[in-house]
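Enquirer: Protein sequence lines, in the order shown, are assigned to chains A and B. Following the working numbering, the numbering of the first sequence begins with 10 at its first residue and continues without gaps. Following the working numbering, the numbering of the second sequence begins with 10 at its first residue and continues without gaps. Have a look at this one before I ask anything.
2 protein chains.
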Amino acid sequence: MPKVEFSYFPVKALGEGPRLLMSYGGQEFDDIRVTMEDWPALKPSTPFGQLPVLNMNGKKYAQSVALSRYFGRKYGLVGATPEQDLEIDMTVDFVNDIRAKAALVHYEKDEAIQKAKHEDFSKNLYPDMLSKLNNIAGQNSGHLAAGKLTWGDFIFAGMYDYLKVMLRMPDLDTKYPNLKKIADNVYALPQLKNYLANAPKTEI
Amino acid sequence: MPKVEFSYFPVKALGEGPRLLMSYGGQEFDDIRVTMEDWPALKPSTPFGQLPVLNMNGKKYAQSVALSRYFGRKYGLVGATPEQDLEIDMTVDFVNDIRAKAALVHYEKDEAIQKAKHEDFSKNLYPDMLSKLNNIAGQNSGHLAAGKLTWGDFIFAGMYDYLKVMLRMPDLDTKYPNLKKIADNVYALPQLKNYLANAPKTEI
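Here it is, written out as structure tokens:
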């Protein structure tokens, strides 16, 4: 496939999954990192007013998970059966539910509400959700689903640091060690060596 | 396929998409409607502590969108190319972003915050998001993507009333008429006649 353009903010977060997948598949891409200063001018030209955006064959595509599934399918990083694909999809959507909850805290502007929300979620939501996900990763040999490497793992690995910050859980690695294994299994892939050596280092 | 069990709350909302898809495909299912009274006892036995749950061949699957994609694939309600599938996936994820924003208002417990949020979103988010989606539906002949009926339309049709309530937009039909067309196109399918005649009537 000819070179494509991939635009996202200068962080890993929701853009790194597709970046890692394209690197894995040998898809050349312009790795465009849009600063917050440039974003307002670009926003109206995106399909949904959001990043990431993939510009491929003159058409613009969006949504991190949808793009990752697309590349995963292209590179054979899918299930062996429709039921395994369902398993990947549902677990990725569950990861997304966790991310969305943590984002509610992270992007809350009122400090008092932010604090209260974090305490509420840390007590009533995160332990159950994260231990469920940790168990799933344990049962799947350090993968999200289907007991093997799939595109879902790339999404999760790409947002792992972001998740850690939003969950305010610097000890996520040791608290739910199977989650780190998912990320480690992706970042150890030889196909990613070149991209990882050259990509900008970012905290999230 | 043998009969399956499908459990969700006694509303359409996020459960109706899979129910409509199974009805369309002739998949027999136990349409289990879990009351809020019974939910706490059931919750720990679900994959993610959430409904809907599909019990199929002795295994439990979850997540509304993932289940809908699974049935859509089974019944040929997919794109003709991987790029069309990407288009369906990304638009469904965008619908989900709209739903998630409206849910933040709908499920907010503090009345003052709820009011402020609704005003903020009604001014700064909904018009842009809904007109984008309305344009997409216009360009796709009353469908979400690919210019034809796909599983994404079932998800959208199933949550249309729920969306209307959460957006607090009783005039959604006339304000963004192409969105109603997506729902109408699904509900007019002859394959759904029997299910729709017998399913409980619910507001959302």
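By construction, the Cβ of each residue, glycine as well, lies at the ideal position given by its N, Cα and C atoms. All values derive from a computational prediction rather than experimental measurement.
Please confirm if residue 136 of chain A has its CB atom under 7 Å from at least one CB of chain B.
Expert: Numbered from 1 along the first sequence, position 127 holds the residue referred to as residue 136 of chain A. For residue 136 of chain A, the answer is no, since every Cβ of chain B falls outside 7 Å of its Cβ.
Enquirer: Can you tell me where the beta strand (DSSP E) holding residue 64 of chain B begins and where it ends?
Expert: Mapped onto the second sequence, residue 64 of chain B falls at position 55. Where residue 64 of chain B is concerned, the enclosing beta strand (DSSP E) stretches over 62-65.
Enquirer: Can you list, in chain order, the residues of its chain with a C-beta nearer than 7 Å to that of residue 41 of chain B? Leave out the 5 residues immediately preceding and following it.
Expert: For the purposes of this step, residue 41 of chain B is identified with residue 32 of the second sequence, where counting begins at 1. Within the same chain, residue 41 of chain B has close Cβ partners 14, 15 and 16.
Enquirer: Could you tell me whether the Cβ of residue 93 of chain A comes closer than 7 Å to any Cβ of chain B?
Expert: Here residue 93 of chain A is taken as the residue at index 84 of the first sequence, counted from 1. Judged by the 7 Å Cβ criterion, residue 93 of chain A is not in contact with chain B.
Enquirer: Can you list the beta strand (DSSP E) stretches of 3 or more residues lying completely in the region 38-93 of chain A, in chain order?
Expert: Complete beta strand (DSSP E) runs here, min 3: 38-42, 62-65 and 68-71.
Enquirer: Cβ closer than 8 Å: which chain A residues qualify as neighbours of residue 129 of chain B?
Expert: The residue you call residue 129 of chain B lines up with position 120 of the second sequence. Those do not exist, as residue 129 of chain B stays about 11 Å from chain A at its closest Cβ, beyond 8 Å.
Enquirer: Going along the region 95-109 of chain B in order, which residues come within less than 7 Å of chain A, judged by CB to CB distance?
Expert: So the list reads 95, 98, 99, 102, 103 and 109, given in the order they occur along the chain.
Enquirer: Have a look at residue 159 of chain A and residue 175 of chain A and give me their C-alpha separation to the nearest angstrom.
Expert: Looking up residue 159 of chain A in the first sequence gives position 150. Looking up residue 175 of chain A in the first sequence gives position 166. For residue 159 of chain A and residue 175 of chain A, the distance between alpha carbons rounds to 24 Å.
Enquirer: Do residue 30 of chain A and residue 163 of chain A have their C-beta atoms within less than 7 Å of each other?
Expert: By one-based count along the first sequence, residue 30 of chain A stands at place 21. By one-based count along the first sequence, residue 163 of chain A stands at place 154. Yes.
Enquirer: If you compare alpha carbons, which of A:170, A:150 and A:171 is closest to residue 194 of chain A?
Expert: Reading the first sequence from its first residue, position 185 is the one you call residue 194 of chain A. Considering only alpha carbons, the answer is A:150.
Enquirer: Locate the beta strand (DSSP E) running through residue 16 of chain B, then write down its first and last residues.
Expert: Sequence index remark: in the second sequence, residue 16 of chain B carries index 7 (1-based). First-last of the beta strand (DSSP E) with residue 16 of chain B: 13-17.
Enquirer: Just mark residue 181 of chain B as buried or exposed, buried being the case when its beta carbon has 16 or more other beta carbons within 10 Å.
Expert: The count along the second sequence starts at 1 and reaches residue 181 of chain B at position 172. Classification of residue 181 of chain B: buried, given that the 10 Å Cβ count is 16 or more.
Enquirer: Determine whether the Cβ of residue 123 of chain B lies closer than 7 Å to any Cβ atom of chain A.
Expert: As a working note, residue 123 of chain B is residue 114 in the second sequence. With 7 Å as the cut-off, residue 123 of chain B does not count as an interface residue toward chain A.
Enquirer: Do residue 171 of chain A and residue 22 of chain A have their C-beta atoms within less than 7 Å of each other?
Expert: Counting from 1 along the first sequence, the entry for residue 171 of chain A is found at position 162. Counting from 1 along the first sequence, the entry for residue 22 of chain A is found at position 13. Closer than 7 Å, so yes.
Enquirer: Give the interface partners of residue 70 of chain A over in chain B, defined as CB-CB distance under 9 Å, in chain order.
Expert: Here residue 70 of chain A refers to the residue found at position 61 of the first sequence. Correct list: 92, 95, 96 and 99.
Enquirer: I'd like to check one pair, residue 103 of chain A with residue 18 of chain B: are the Cβ atoms closer than 7 Å?
Expert: What you label residue 18 of chain B is simply residue 9 of the second sequence in a count that begins at 1. What you label residue 103 of chain A is simply residue 94 of the first sequence in a count that begins at 1. In this structure, residue 103 of chain A does not lie closer than 7 Å to residue 18 of chain B by Cβ.
Enquirer: Whose Cβ in chain A lies nearer than 8 Å to the Cβ of residue 177 of chain B?
Expert: The residue you call residue 177 of chain B lines up with position 168 of the second sequence. None at all; the shortest Cβ gap to chain A is about 20 Å.
Enquirer: Who are the Cβ neighbours of residue 211 of chain A in its own chain at under 7 Å, not counting the five residues just before and after it?
Expert: Translated into positions along the first sequence, residue 211 of chain A becomes position 202. Excluding residues within five positions, the ones whose Cβ falls inside 7 Å are 19, 20 and 21.
Enquirer: Throw me the rounded Cβ distance for the residue 146 of chain B and residue 190 of chain B pair, which I believe falls under 8 Å.
Expert: As a first step, residue 146 of chain B must be located in the second sequence, where it is residue number 137. As a first step, residue 190 of chain B must be located in the second sequence, where it is residue number 181. Going by Cβ atoms, the distance from residue 146 of chain B to residue 190 of chain B rounds to 6 Å, so yes, they are a contact pair.
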